[in-house]
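Participant:
In the numbering used here, the protein residues as written are 68 to 519.
(1) Please work out which residues of its chain come closer than 6 Å, Cβ to Cβ, to residue 383, disregarding the five sequence neighbours upstream and downstream, and give them in chain order.
(2) According to DSSP, is residue 126 part of a helix, a strand, or is it coil?
(3) Rounded to whole angstroms, what's the CA-CA distance from residue 366 to residue 445? Just pull it up for me.
(4) With three or more C-beta pairs closer than 8 Å as the rule, is the segment 443-457 touching the segment 407-421?
(5) Relative to the alpha-carbon of residue 406, which residue among 370, 375, 460, 400 has its alpha-carbon at the smallest distance?
(6) Count the other CB atoms within 10 Å of the CB of residue 385; is the residue buried (16 or more) or exposed (fewer)?
(7) CB of residue 422 to nearest heavy atom of the ligand HEM: below 8 Å?
(8) Does residue 399 pass the burial test, meaning 16 or more other C-beta atoms within 10 Å, or should it be called exposed?
(9) So if DSSP puts residue 238 in a beta bridge, which residue, or which two residues, is it bridged to?
(10) May I ask you to list the residues that DSSP assigns as paired with residue 466?
(11) Is the CB-CB distance between residue 370 and residue 497 below 9 Å?
(12) On a CA-only basis, which of 269, 202, 240, 246 is nearest residue 213? Give me that one, please.
(13) Ignore the nearest five residues each way along the sequence and tell me which others in residue 485's own chain have a CB closer than 8 Å to its CB.
(14) Looking at the structure shown, is residue 432 part of a helix, part of a strand, or coil, going by DSSP?
(15) Quick one: give me the first and last residue of the alpha helix (DSSP H) that residue 472 is part of.
(16) Roughly how far, in whole angstroms, is the beta-carbon of residue 423 from the beta-carbon of residue 378, given that I think they are within contact range, below 8 Å?
(17) Is the beta carbon of residue 389 closer than 9 Å to that of residue 482?
Given below as structure tokens:
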């Protein structure tokens with residue numbers, strides 16, 4: 068009885084004698100053998116095609132069974148047939164058993180699965196075992212099984228050629244590696260010496276730079292210490308400056324306030340001064356005016372009319388103001404009367420003759436008696452001397468100001484031909500007193516203009 072299998076490469080049928088019990092011994096298929104374990108086996112060992120290909124080809128592809136094989140692993144059939152897949156091993160059913168029988172026990176790599184086959188299995192179990200063997204080989208070698216002897220030999224020959232090419236390539240690479248190692252050793256020694264000298268020169272340069280940098284660092288540290296001292300001094304000076312500045316600002320503020328106060332006082336004093344400048348002191352002190360036909364000085368009437376009777380007390384006060392006014396004008400001009408001396412004493416003023424010291428009263432009385440004739444004569448004499456004092460001041464003014472002229476000309480005891488004596492003619496005397504007050508007013512204006 069026989070089972071039918073087909074070669075997976077050429078598709079030819081394969082016959083296996085199922086009665087040959089010795090043809091199915093124990094088989095060892097490497098589950099995932101490491102390359103070092105198989106490579107360490109002796110080359111003279113009668114390994115089967117599957118074992119040898121597992122040691123030479125499976126190592127580079129066993130890491131990733133599902134990854135696609137490299138392009139260099141593809142094998143072309145000797146007769147130009149279709150390309151085989153990259154394989155680890157391939158064997159026919161008839162030779163697999165014999166190859167497995169000759170496999171030494173020591174060659175089985177550790178970790179391999181042993182598939183024990185009984186000495187006399189049943190045909191169905193034999194077919195199943197062969198099927199599982201093919202699937203297992205196909206799974207681990209990535210080559211479709213089973214194969215016929217011719218296809219297995221072709222695959223084996225191709226694998227051997229690839230192994231020889233790989234060995235030659237390996238030998239060339241080893242030789243090239245040895246040559247490169249020798250050249251690299253010599254070049255490395257030469258380069259190492261030159262590099263050593265360069266590094267020594269660089270080290271010396273770097274040491275010099277380090278020394279220079281350390282010296283510069285020390286100098287910078289000294290400069291930094293000096294700068295810190297200067298900064299501390301500047302901070303102290305700045306603090307002192309701000310203190311003095313604040314003190315100065317306070318003093319300046321006080322000074323400005325005081326200055327504003329003084330300025331206000333000056334403005335007020337200036338306005339008062341301007342107002343006082345516009346004021347006539349003499350005009351205010353001796354205000355000469357008139358009341359009808361009667362002249363007045365400081366509101367005191369100097370004269371008496373039948374229609375305007377004036378008491379002698381008021382007339383005496385007016386004569387005292389006239390005497391005081393003339394004395395003040397003479398003193399202001401540092402002028403001394405040549406023939407007379409005024410004695411202003413209010414309502415009882417007098418006038419004295421310098422030659423003989425004789426004195427006359429410048430006041431009258433309302434008494435009606437025999438003595439009235441005597442005091443009237445004395446009053447007339449005093450009025451004539453008083454008119455002489457007015458004339459002397461006028462002459463003094465003309466010597467300093469030739470343009471000065473009295474409005475009423477003064478003669479010997481007369482003014483504009485009007486006598487200053489009473490002579491029981493009060494109307495004429497009042498007119499003469501008015502003319503005399505007008506001339507005194509002219510003297511006051513001239514003195515004011517001269518002083519300004």
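All C-beta atoms in this analysis are idealised placements derived from N, C-alpha and C, irrespective of residue type, glycine included.
Facilitator: Quick look at the numbers:
(1) 414, 430
(2) With a pLDDT of 37 at residue 126, under the threshold of 50, the predicted position of this residue should be treated as unreliable, and no value is reported.
(3) 25 Å
(4) yes
(5) 460
(6) buried
(7) Absence of the ligand HEM is noted for the structure shown, with no ligands found whatsoever.
(8) exposed
(9) Residue 238 pairs with nothing; no bridge assigned.
(10) Bridge partners of residue 466: none, in fact.
(11) Contact annotation: residue 370 and residue 497 have beta-carbon atoms nearer than 9 Å.
(12) Here the closest residue by C-alpha is 202.
(13) Within the same chain, residue 485 has close Cβ partners 495, 498, 499, 502.
(14) coil
(15) From DSSP, residue 472 is part of no alpha helix (DSSP H); its letter is neither H nor E.
(16) Wrong, their Cβ atoms sit about 33 Å apart, outside the cutoff.
(17) no
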